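**Q** Count along the sequence shown from 1, add 144, and you get the number used in the working numbering.
Beta carbons: idealized from backbone N, C-alpha and C, even for Gly.
The model shown is predicted, which means the values in this text are computed figures rather than measured ones.
Pasting in a structure now, in structure tokens, and then I'll have a few things to ask.
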Amino acid sequence: MNIEELMEKFPMAFKHADISFPDGWKQIVEDCLTMMLHRTQWYDKAKDDLDAVQGNYIEIHQIKEKFGGLRVYSSIVNDPCDYQGNSISDRLMEQTCGILRFAEYLSKKTCQVCGERGTLRTTRPYIETLCDEHDRARSNPT
Ligand SMILES: [Zn+2]
Numbered sequence: 145m146n147i148e149e150l151m152e153k154f155p156m157a158f159k160h161a162d163i164s165f166p167d168g169w170k171q172i173v174e175d176c177l178t179m180m181l182h183r184t185q186w187y188d189k190a191k192d193d194l195d196a197v198q199g200n201y202i203e204i205h206q207i208k209e210k211f212g213g214l215r216v217y218s219s220i221v222n223d224p225c226d227y228q229g230n231s232i233s234d235r236l237m238e239q240t241c242g243i244l245r246f247a248e249y250l251s252k253k254t255c256q257v258c259g260e261r262g263t264l265r266t267t268r269p270y271i272e273t274l275c276d277e278h279d280r281a282r283s284n285p286t
């Protein structure tokens with residue numbers, strides 16, 4: 145799903161979200177958010193209204209670029225429970241952190257301008273992840 149569709153489907157998850165990231169990472173961000181938010185439906189089956197509760201257990205705070213890598217800040221909210229009523233906040237947090245770590249790892253291999261294969265470039269004052277072409281363009285601005 146793209147970001148617009150995700151925001152429409154899971155409005156509670158995005159109500160305080162501050163989202164600003166490079167265009168080249170759009171696919172990573174969308175895949176990562178789709179995985180994060182759709183996982184929650186596994187735990188909502190005890191309730192009747194699936195659509196109403198999906199995505200209500202994760203809140204996205206901020207999505208941004210930092211030191212050439214993608215950062216997604218989020219938290220677990222509303223104390224999600226399993227079928228027996230036991231809290232699964234810790235487990236959900238662990239899974240979410242795994243998804244976010246992998247997204248950050250992918251972003252450091254993906255050009256933040258065009259989405260092609262990139263490398264973390266640390267020779268300029270502002271660290272970025274860029275493909276060879278966009279790295280050359282940064283070094284030789286016309
Ligand atoms: Zn590029």
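Would you mind sorting Arg245 into buried or exposed? The rule is 16 or more other CB atoms within 10 Å of its CB.
**A** Arg245 should be labelled exposed.
**Q** For the structure I just gave you, are there three or more beta carbon pairs, one from the stretch 235-245 and one from the stretch 148-167, closer than 8 Å?
**A** Result no; under three Cβ-Cβ pairs closer than 8 Å.
**Q** Using beta-carbon positions only, say whether Leu250 and Ile172 come within less than 7 Å of one another.
**A** Yes, the pair counts as a contact, with Cβ atoms nearer than the cut-off.
**Q** At 3 residues or longer, and completely inside the stretch 201-236: list those beta strand (DSSP E) runs for me, N to C.
**A** Qualifying beta strand (DSSP E) stretches, in chain order: 202-210, 213-220.
**Q** When DSSP labels each residue in this structure, what does Ile163 get in the three-state scheme?
**A** The answer is strand: DSSP assigns Ile163 an E or B state.
**Q** To the nearest angstrom, how far is it from the Cα of Gly229 to the Cα of Leu181?
**A** If I take the Cα positions, the gap works out to 21 Å.
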